[in-house]
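2 protein chains.
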Amino acid sequence: MDCGSSGQAKNGLSAAIISVGDELMLGQTQDTNAKWLASQFTLRGVVTREFRTVHDDLVAIESVLRELSARHDILVMTGGLGPTEDDLTREALRRAMDVVEPLEVDAQALAALDRWFIDRGRPMSANNAVQALRPKGARCLQNIVGTAPGLHANIGRAQIWCLPGPPLEMESMFETEVAPHLPHAVMSTAAVHSFGYGESFLAEILGARMARQRNPLIGTTASGSIVTARIRGVDAQAHSAAMESSIQEIEKLWAPYAFGRDQETLAGALGKLLVLRGERVSLAESCTGGLAASMVTAESGSSAWFAGGAVTYANGAKIDLLQVPHELLAAHGAVSAPVARAMARGCAALLKTQWAASITGIAGPSGGTDAKPVGEVFIGICGPRFEGVKKFRYPGDRASIRDRAAKSALALLRFALLGPEAFASAMIWEWNK
Amino acid sequence: MDCGSSGQAKNGLSAAIISVGDELMLGQTQDTNAKWLASQFTLRGVVTREFRTVHDDLVAIESVLRELSARHDILVMTGGLGPTEDDLTREALRRAMDVVEPLEVDAQALAALDRWFIDRGRPMSANNAVQALRPKGARCLQNIVGTAPGLHANIGRAQIWCLPGPPLEMESMFETEVAPHLPHAVMSTAAVHSFGYGESFLAEILGARMARQRNPLIGTTASGSIVTARIRGVDAQAHSAAMESSIQEIEKLWAPYAFGRDQETLAGALGKLLVLRGERVSLAESCTGGLAASMVTAESGSSAWFAGGAVTYANGAKIDLLQVPHELLAAHGAVSAPVARAMARGCAALLKTQWAASITGIAGPSGGTDAKPVGEVFIGICGPRFEGVKKFRYPGDRASIRDRAAKSALALLRFALLGPEAFASAMIWEWNK
Chain X
7 MDCGSSGQAK NGLSAAIISV GDELMLGQTQ DTNAKWLASQ FTLRGVVTRE
57 FRTVHDDLVA IESVLRELSA RHDILVMTGG LGPTEDDLTR EALRRAMDVV
107 EPLEVDAQAL AALDRWFIDR GRPMSANNAV QALRPKGARC LQNIVGTAPG
157 LHANIGRAQI WCLPGPPLEM ESMFETEVAP HLPHAVMSTA AVHSFGYGES
207 FLAEILGARM ARQRNPLIGT TASGSIVTAR IRGVDAQAHS AAMESSIQEI
257 EKLWAPYAFG RDQETLAGAL GKLLVLRGER VSLAESCTGG LAASMVTAES
307 GSSAWFAGGA VTYANGAKID LLQVPHELLA AHGAVSAPVA RAMARGCAAL
357 LKTQWAASIT GIAGPSGGTD AKPVGEVFIG ICGPRFEGVK KFRYPGDRAS
407 IRDRAAKSAL ALLRFALLGP EAFASAMIWE WNK
Chain C
7 MDCGSSGQAK NGLSAAIISV GDELMLGQTQ DTNAKWLASQ FTLRGVVTRE
57 FRTVHDDLVA IESVLRELSA RHDILVMTGG LGPTEDDLTR EALRRAMDVV
107 EPLEVDAQAL AALDRWFIDR GRPMSANNAV QALRPKGARC LQNIVGTAPG
157 LHANIGRAQI WCLPGPPLEM ESMFETEVAP HLPHAVMSTA AVHSFGYGES
207 FLAEILGARM ARQRNPLIGT TASGSIVTAR IRGVDAQAHS AAMESSIQEI
257 EKLWAPYAFG RDQETLAGAL GKLLVLRGER VSLAESCTGG LAASMVTAES
307 GSSAWFAGGA VTYANGAKID LLQVPHELLA AHGAVSAPVA RAMARGCAAL
357 LKTQWAASIT GIAGPSGGTD AKPVGEVFIG ICGPRFEGVK KFRYPGDRAS
407 IRDRAAKSAL ALLRFALLGP EAFASAMIWE WNK
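Chain order of the listed sequences is X and C. In the working numbering, each number is its position in the first sequence, counted from 1, plus 6. In the working numbering, each number is its position in the second sequence, counted from 1, plus 6.
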């Protein structure tokens with residue numbers, strides 16, 4: 007597979023990621039480990055060439071280990087290390103290593119398991135002791151978060167790392183046991199995130215900057231209504247001047263929709279603006295029912311700029327908490343511009359904040375009418391010498407309507423903080439009505 | 007690969023799922039399509055035998071299409087159908103089909119694209135027109151949610167379905183264009199979800215019921231602190247008596263931690279109990295900042311039993327909204343049992359509900375002390391003739407502490423509704439302190 011076009015080091019180590027579990031093949035569980043591992047490899051200039059997923063099946067696991075160890079430097083396999091009957095990684099590794107002796111007990115791993123249960127005041131079951139078995143010639147890796155030890159072995163020139171399936175345990179073990187054996191970073195990556203415009207239009211704005219021969223290489227992705235430009239460069243410096251100027255160029259081209267880089271979120275970008283001005287915000291939510299507030303409070307340090315919120319799902323709560331006049335609700339209905347405006351004003355007063363946003367709408371699947379269909383949402387913003395309401399019609403199901411409405415409220419707050427002109431002119435896709 | 011042990015039909019169609027995109031191989035984007043597609047196949051008795059992920063690379067996509075079409079009945083490939091230069095699925099399919107003529111314009115698909123843009127009052131860019139190209143002998147599939155049409159073709163005996171990468175577009179196209187060509191369901195699956203106990207202990211309780219030769223086959227999985235028993239049966243009836251009795255047996259063995267089946271959530275299970283009693287709940291959240299409320303309001307119909315909530319992130323909000331006495335905060339601190347108790351009581355009064363839960367704690371990463379470390383959370387519950395507070399020490403980062411605390415609050419409300427004894431005796435892992 008030619009990966010030169012992906013801007014990856016030609017001479018980098020080659021890796022394969024294998025996820026084990028019937029629950030994955032049956033579509034019952036979302037595999038998040040493969041993505042996480044690939045991002046770790048990318049950071050270190052290791053090229054992930056294959057992703058595989060296999061059943062809890064001894065023959066299948068053994069054969070994928072044999073096949074992939076013949077053509078890659080590094081194999082990381084997650085899952086199948088637990089205490090139950092369908093945890094087959096230990097035995098499959100033994101077979102793929104051509105070890106004829108049965109699995110043997112690793113005394114150190116057994117002692118660690120014992121300690122884990124003693125620390126928690128629970129007896130260790132016989133099931134759990136199985137986790138301290140390993141093939142002869144393999145090494146157990148310490149699990150400081152859970153019970154299942156990992157395994158390390160060589161098959162030919164390939165390094166095999168078997169890690170537990172639960173993401174917290176896998177990530178912790180990767181960092182302590184695997185990462186020290188990988189190269190240091192040789193590739194730099196950056197991301198510029200935007201909200202409010204479609205991917206194809208944003209890509210068109212970038213034009214020739216997205217050519218596949220370029221270094222740094224620029225591509226776009228979209229997820230959860232956030233469109234992201236991904237910038238990747240191969241360079242001696244961690245973050246070259248060419249990278250930085252590409253990032254700034256994209257931010258300028260995508261203004262005011264570009265809100266942040268890398269790990270930055272819409273809520274974080276909003277917080278930055280508020281902190282600069284020494285002001286705080288509060289949120290009044292009806293149909294999103296706490297989702298916007300939970301996006302805000304997911305940010306560490308948000309207490310500096312977020313006072314709190316009111317989840318006013320019932321009309322009574324809108325009246326009691328936010329002082330929305332009963333007559334206003336009777337005249338216009340809860341899903342209306344005047345009520346959105348009153349909710350925002352009432353929320354700012356209740357929580358004593360300079361800024362507030364309100365969200366009221368119909369998330370569905372029931373509750374829609376011809377006049378006010380599912381997806382109709384009003385978002386009100388108030389701030390010092392500022393007041394505005396926008397009406398939206400969101401497509402999608404309940405979950406995406408709620409997600410889009412919550413993000414729109416944060417984006418509109420950000421636009422309002424950038425200035426009344428930005429608020430007035432900013433569109434949010436074709437959802438603005 | 008021997009999949010008999012997975013309880014799947016021996017004579018079922020064999021499928022492979024291929025995800026295309028550099029962003030996947032680089033670990034920048036989480037692939038959720040493969041899981042969703044696999045679950046659709048499972049429902050219909052189609053056995054997913056391989057998952058592959060490939061770079062945006064013509065040679066790579068062509069070769070995986072050739073390799074997998076030789077050994078499966080159905081290939082579904084997602085991604086690479088967009089309008090940009092790195093969308094290569096159309097051309098790779100042409101090559102894998104051994105079509106020598108260049109891609110041709112599909113008049114119907116082009117007209118549909120035109121309409122899509124006219125409906126939205128935007129001009130169609132030249133980039134977008136590229137999406138109406140297809141290999142000779144392939145058929146375009148209608149996209150009613152976005153712009154990229156899908157493709158259908160045959161390579162040998164294999165049916166190839168190319169679907170767009172964005173999940174909403176992919177799912178909609180699968181349902182309208184692919185599903186009608188698949189067998190009807192022959193396999194039944196069910197799930198029993200629990201919260202509050204570790205997977206290995208719950209698996210041990212099931213014991214021999216988890217034997218791999220059994221029909222229905224029972225396995226356990228864990229995700230986001232929810233431990234689930236998965237029951238799968240091959241049967242003429244959609245839901246056999248053996249399935250039903252297995253489900254009921256697990257629910258009994260896992261009581262009171264088992265809270266629901268299949269699509270049921272912790273919030274939904276709580277709602278059921280409240281609706282039965284004609285009572286409502288409200289939520290007062292500090293460190294979870296709206297997360298518990300957003301879990302509740304994610305449930306359609308929750309307005310029947312959820313009045314609203316107060317996100318009281320700042321101490322001032324606890325005093326103003328929930329009438330927590332200033333002296334109580336000064337004497338015990340915001341993260342304390344007396345404050346949790348006062349928050350719950352104040353919330354029930356504010357929102358006029360029979361029941362209320364409060365959550366106050368330290369989600370980190372900063373803000374912890376020796377006396378009150380990161381992860382320390384108090385949850386208060388009040389109801390008719392009931393009051394209780396439990397103290398927790400959650401492991402993990404900010405996101406998992408918040409997630410576990412929000413779920414614990416819903417679980418404790420459910421235990422309290424089941425009766426004071428259930429509340430008093432129920433443990434939530436080793437997090438209860």
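Beta carbons: idealized from backbone N, C-alpha and C, even for Gly. Predicted, not measured: the structure shown is a model, and the values here were computed from it.
Tell me, which residues are paired with C:Leu81 by DSSP? C:Ala22 and C:Ile166
Quick check: C:Arg58 and C:Ile24, are their CB atoms within less than 8 Å of each other? yes
Can you pull the chain X residues whose beta carbon is under 7 Å from the beta carbon of C:Asn134, in chain order? Ser206
Unbroken stretches of the beta strand (DSSP E), 3 residues or longer, contained in the region 204–250 of chain X: 223–229 and 232–240
Where do the N-terminal and C-terminal ends of the alpha helix (DSSP H) with C:Leu280 fall, by residue? Leu272 to Arg283
So which residues of chain C does X:Phe312 contact, with C-beta pairs closer than 9 Å? Gly295, Val317, Tyr319 and Ala320
Against chain X: residues of the region 218–230 of chain C by CB proximity under 8 Å: Arg218, Gly225, Thr226, Thr227, Ala228 and Ser229
What is the rounded straight-line gap between the Cα of C:Ala15 and the Cα of C:Asn321? The predicted position of C:Ala15 is uncertain, since its pLDDT is 40 and thus under 50; a value taken from the coordinates is nonetheless stated next. For C:Ala15 and C:Asn321, the distance between alpha carbons rounds to 59 Å.
Within-8 Å CB hit, C:Gln34 to chain X: yes
Can you tell me where the alpha helix (DSSP H) holding C:Gly389 begins and where it ends? Looking at the DSSP string, C:Gly389 is not in any alpha helix (DSSP H); the run it does join, the beta strand (DSSP E), is Glu382 to Gly389.
Which runs of the alpha helix (DSSP H) spanning at least 4 residues fall entirely within the region 36–115 of chain C, listed in chain order? 39–49, 64–75 and 95–102
Under 7 Å from the C-beta of C:Leu357: neighbouring residues of chain X: Ala323
Quick one: is X:Thr303 near chain C, going by C-beta distance under 8 Å? yes
Compare the C-alpha of C:Ala411 against each of C:Pro426, C:Leu423, C:Trp435 and C:Arg391 and name the closest. C:Trp435
Residues bridged to X:Cys146 [DSSP beta-bridge criterion]: X:Leu157
Does X:Ala405 get closer than 8 Å to chain C when you measure Cβ to Cβ? yes
For X:Leu289, the residue or residues it bridges with in DSSP: X:Gly315 and X:Ala363
Through-space distance from X:Leu64 to C:Asp8, alpha-carbon basis: Reliability fails at C:Asp8, whose pLDDT of 32 lies under 50, so the model's placement of it is uncertain and the value that follows must be treated cautiously. About 9 Å.
If you check the beta carbons only, do X:Leu119 and X:Thr153 fall under 8 Å apart? yes
Assuming the contact rule is C-beta atoms closer than 8 Å, C:Asp79 and C:Gln165 should be a hit. Round their C-beta distance to whole Å, please. 7 Å
Rounded to whole angstroms, what's the CA-CA distance from C:Pro6 to X:Ala340? Just pull it up for me. Residue 6 of chain C is absent from the structure shown; chain C starts at 7 and stops at 439.
With distance defined between alpha-carbon atoms, name the residue in C:Val111, C:Ser194, C:Gly88 and C:Met179 nearest to C:Ser467. Chain C is shown from 7 up to 439; residue 467 of chain C falls before or after that span and cannot be answered.
Going by beta carbon distance, what residues of the same chain come within less than 6 Å of C:Ala138, once the five residues before and after it are set aside? Val111, Asp112, Ala115, Leu116 and Leu119
With 16 other Cβ atoms within 10 Å as the buried cut-off, status of C:Pro155: buried
Hey, how far is the Cα of X:Val345 from the Cα of X:Gly386? 9 Å
X:Val106, buried or exposed, once every other Cβ within 10 Å from all chains shown has been counted against 16: exposed
At a cut of 8 Å, does the region 319–337 of chain C reach the region 301–320 of chain X through at least three beta carbon pairs? yes
Measure the C-alpha to C-alpha separation of X:Leu87 and X:Leu94 and round it to an integer number of angstroms. 7 Å
With the cut-off set at 8 Å, would you say C:His6 and C:Gly127 are in Cβ contact? The requested residue 6 of chain C is not part of the displayed model; chain C covers only 7 to 439.
My understanding is that C:Ala362 touches C:Ser288, with C-beta atoms under 8 Å, so please give their C-beta distance in whole angstroms. 5 Å
Could you tell me whether the Cβ atoms of X:Ala235 and X:Ala197 are closer together than 8 Å? yes
Within the 8 Å Cβ cut-off, does X:Gly374 reach chain C? no
Are any of the Cβ atoms in chain X nearer than 8 Å to that of C:Ala422? no
In chain C, which residues lie with their C-beta within 8 Å of the C-beta of X:Pro172? Ala228
Work out the CA separation of X:Tyr203 and X:Gly367 for me, nearest whole Å. 22 Å
Can you name the start and end residues of the alpha helix (DSSP H) that C:Glu333 belongs to? His332 to His338
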